[in-house]
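Novice: If you read the sequence shown in the numbering used here, its first letter stands for residue 24, the second for the next number, and so on.
C-beta: ideal position from N, C-alpha, C; glycine also.
Small disclaimer: the values here were computed from a predicted structure and weren't measured.
Below you'll find the structure I mean.
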Amino acid sequence: MNKLAIIGASGHGKVVADIAKKNSYREIVFLDDDENVHECGGYPVIGKSIEAERIDADVIVGIGNADIRKRIQESIPVEKLTTLVHPDAVVAEDVVIGAGTVVMAGVVINPGAKIGKGCIINTCSSVDHDCTVGDYVHIAVGSHLCGTVIVGDGTWIGAGATVRNNASISSDCMIGAGAVVISNIEESGIFIGVPARRMEMGKKSTKNMGGGIPPNSKS
Ligand SMILES: CC(C)(COP(=O)(O)OP(=O)(O)OC[C@H]1O[C@@H](n2cnc3c(N)ncnc32)[C@H](O)[C@@H]1OP(=O)(O)O)[C@@H](O)C(=O)NCCC(=O)NCCS
């Protein structure tokens, strides 16, 4: 298939389109539920996300928010979903990558790693040997998972964060930008700092809870 429909005409979607182009997709279009958006990264928005099921194209969800990404991806037949790996990513031969996942430029994924479906492995991040990354996880720009790390579904590892080898992180966690995780995180929540500790309730605002992005936002 030479045509790709990207759901979510946003900043993240624009990056996904660039990777798709480098993966030899000849025709790239966007689907977005906002009727006021007509183009993204120079590509046309041709309809709403509901049209993904019947469009004659491969499909990928280009939405940063994990909850929205999951909801939309789960509504699309798996055989329509593609997986995108930037040609300047280094991915070991035995790595398993799930449907709908995007691997961006400068990423290194080492042998034995398993990446779930609907993940974002963002620019210049690394996933070392034998890591297991769940579904709808976001490994943000410049963050690093050392060897044999486990990351639960829907968790976001913030920009520039590091997770020590063998550490295990629960599902639905937000690891703040620049944090260093040195021990297991067994319950969901927001964790910040060096070493990473649960964010005090009084301290945190609600705007970056969950996927770390306000509800209804796409990037
Ligand atoms: C952790 C995070 C989700 C908290 O967001 P928030 O709830 O809006 O937090 P606020 O900005 O209101 O900050 C609340 C307090 O936490 C501190 N804080 C926030 N993020 C922090 C971080 N990453 N590390 C250390 N302290 C942090 C703030 O300094 C503030 O402290 P104060 O009350 O003493 O002034 C957010 O700051 C973060 O790190 N997001 C990750 C963004 C990212 O990685 N994007 C990648 C895109 S590819």
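(1) In whole angstroms, what is the alpha-carbon distance linking A89 and H161?
(2) What do you get for A184, buried or exposed, if any count of 16 or more other CB atoms within 10 angstroms of its CB means buried?
(3) Take S228 and list the residues in its own chain whose beta-carbon comes closer than 6 Å to its own, dropping the five residues that flank it on each side.
(4) Among all the DSSP beta bridges, which residues are the ones paired with K93?
(5) Given this structure, state the Cα-to-Cα distance separating V84 from I198, to the nearest angstrom.
(6) Just grab the DSSP bridge partners of V186 for me.
(7) If you draw a straight line from the C-alpha of Y66 to the C-alpha of V38, how long is it?
(8) Could you check if R220 is buried or exposed, using at least 16 other CB atoms within 10 Å of its CB as the buried criterion?
(9) For G45, tell me which candidate among S33, L107 and A190 has the shortest Cα-Cα distance.
(10) Pick helix, strand or coil for I51, following the three-state DSSP scheme.
(11) Would the segment 126 to 134 and the segment 143 to 152 be scored as touching if the rule is three or more Cβ pairs under 8 Å?
(12) Whole-angstrom Cβ separation of S191 and I205, contact assumed at under 8 Å?
(13) Is it the case that the Cβ atoms of A40 and I30 are separated by a distance below 8 Å?
(14) What does a CB cutoff of less than 6 Å around V125 pick up in its chain, not counting 5 residues either side in sequence?
(15) Under three-state DSSP, which class holds A122?
(16) Is N46 near ligand 1, judged by its Cβ being under 7 Å from some heavy atom?
(17) So what's S194 in DSSP terms, helix, strand or just coil?
(18) Cβ of I51 within 7 Å of any heavy atom in ligand 1?
Specialist: Looking at the atomic coordinates:
(1) Here the question's residue 89 lines up with position 66 in the sequence shown. Here the question's residue 161 lines up with position 138 in the sequence shown. Spanning the two alpha carbons is a distance of roughly 8 Å.
(2) What you label residue 184 is simply residue 161 of the sequence shown in a count that begins at 1. Result: buried.
(3) On the sequence shown, position 205 is the one that residue 228 refers to. Confidence is the limiting factor: at S228 the pLDDT is only 49, short of 50, which leaves the residue's position unreliable and the question unanswerable from this model.
(4) Walking along the sequence shown from the start, residue 93 turns up at place 70. None, per the DSSP bridge assignment.
(5) Residue mapping note: residue 84 aligns to position 61 of the sequence shown, counting from 1. Residue mapping note: residue 198 aligns to position 175 of the sequence shown, counting from 1. Between V84 and I198, the C-alpha separation is close to 23 Å.
(6) Translated into positions along the sequence shown, residue 186 becomes position 163. Listed as beta-bridge partners of V186 by DSSP are L168 and V204.
(7) The residue you call residue 66 lines up with position 43 of the sequence shown. The residue you call residue 38 lines up with position 15 of the sequence shown. Going from the Cα of Y66 to the Cα of V38 covers about 12 Å.
(8) Position 197 of the sequence shown, counting from 1, holds the residue named residue 220. Exposed, by the Cβ-count rule.
(9) What you label residue 45 is simply residue 22 of the sequence shown in a count that begins at 1. First, the residue type needs correcting, since residue 45 is Lys and not Gly in the sequence shown. For K45, the nearest C-alpha among the options comes from L107.
(10) Here the question's residue 51 lines up with position 28 in the sequence shown. In this structure, I51 counts as strand in the three-state DSSP scheme.
(11) Yes, they touch.
(12) Here residue 191 corresponds to residue number 168 of the sequence shown, with the count starting at 1. Here residue 205 corresponds to residue number 182 of the sequence shown, with the count starting at 1. The pair is not a contact, with the Cβ atoms about 12 Å apart (cut-off 8 Å).
(13) Position 17 of the sequence shown, counting from 1, holds the residue named residue 40. Position 7 of the sequence shown, counting from 1, holds the residue named residue 30. The beta carbons of A40 and I30 sit no closer together than 8 Å.
(14) Within the sequence shown, numbered from 1, the residue matching residue 125 stands at position 102. The beta carbon of V125 is closer than 6 Å to those of V39, L107 and I143 in its chain, skipping five residues each way along the sequence.
(15) Here residue 122 corresponds to residue number 99 of the sequence shown, with the count starting at 1. Secondary structure of A122 (DSSP, three-state): coil.
(16) By one-based count along the sequence shown, residue 46 stands at place 23. Not one heavy atom of ligand 1 sits closer than 7 Å to the Cβ of N46.
(17) One-based indexing of the sequence shown puts residue 194 at position 171. In the three-state scheme derived from DSSP, where H, G and I count as helix and E and B as strand, S194 is classed as coil.
(18) What you label residue 51 is simply residue 28 of the sequence shown in a count that begins at 1. Ligand 1 never approaches I51 closely enough for any of its heavy atoms to be under 7 Å from the residue's Cβ.
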